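A.B. asks: Below: one structure in structure tokens.
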């Protein structure tokens, strides 16, 4: 299931003094790239926002199912009533999926960029595990996969990682 798109133009603003709400024009290297409405911002508070897509940074993601194994798992349930406790084993059928995700990021800008990659949406699975490989740039944060990547000017970079999901 390949997906592709443009990167989100996202920013993190921290001011050393109070900023009152109002319009904010965003420039990158003397070029206007967008405008946003800022809320009141206390000194040293952080404000994160996005202003749309960046046409100069394109990503392609291809997800390949490596294996799907179905197995039975016994869950112990204890039911307490006023006089007695009953223990019973419930057999649950589970499936373990292993996926390999290939990520390609293309930087058409004439300067290097920092990309904060995050893949979400695994919360509906009972268990998720990132399988560590050599030279691994990705980390698991709860039910998300994250990475901070620097991509040089006018280059294409390829990355991959493997995850295991249990439903």
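In the working numbering, the protein residues as written are 519 to 685.
Think of the CB as a built atom: it goes at the ideal place given N, C-alpha and C, for glycine as much as any other residue.
Note that the coordinates shown come from a computational prediction; the quantities given were computed from them, not determined experimentally.
Looking only at C-alpha atoms, which of 538, 669, 637 sits nearest to residue 627?
C.D. replies: 669
A.B. asks: In chain order, what residues of the same chain lie with their CB nearer than 6 angstroms to the CB of residue 637, ignoring the 5 residues before and after it?
C.D. replies: 663
A.B. asks: Under DSSP, the beta strand (DSSP E) around residue 659 begins and ends at which residues?
C.D. replies: 657–659
A.B. asks: Candidates 615, 523, 559, 634: which alpha carbon is nearest residue 540's?
C.D. replies: For the set 615, 523, 559, 634, the Cα lying nearest the Cα of residue 540 is the one of 559.
A.B. asks: Given residue 550, which residues of its chain have a CB within under 8 angstroms of its CB, disregarding the five upstream and five downstream residues?
C.D. replies: Hits under 8 angstroms: 543, 544.
A.B. asks: Going by CA-CA distance only, name the one from 537, 552, 582, 590 that's closest to residue 563.
C.D. replies: 537
A.B. asks: Would you mind giving the Cβ-Cβ distance between residue 522 and residue 576, rounded to the nearest angstrom? I have them listed as a contact below 8 angstroms.
C.D. replies: 7 angstroms
A.B. asks: Give the straight-line distance between the Cα atoms of residue 748 and residue 613, rounded to the nearest whole angstrom.
C.D. replies: Summary: the structure shown does not reach residue 748, with the chain confined to residues 519 through 685, and so no result is reported for it.
A.B. asks: Can you give the beta carbon distance from residue 682 to residue 616, rounded, assuming they're within the 8 angstroms contact cut?
C.D. replies: 5 angstroms
A.B. asks: How is residue 626 classed by DSSP in three states: helix, strand or coil?
C.D. replies: coil
A.B. asks: Considering only DSSP beta bridges, list what residue 650 is partnered with.
C.D. replies: Per DSSP, none; premise fails for residue 650.
A.B. asks: What is the rounded straight-line gap between the Cα of residue 642 and the Cα of residue 632?
C.D. replies: 30 angstroms
A.B. asks: Using the C-alpha atoms, what's the distance from residue 529 back to residue 659?
C.D. replies: 21 angstroms
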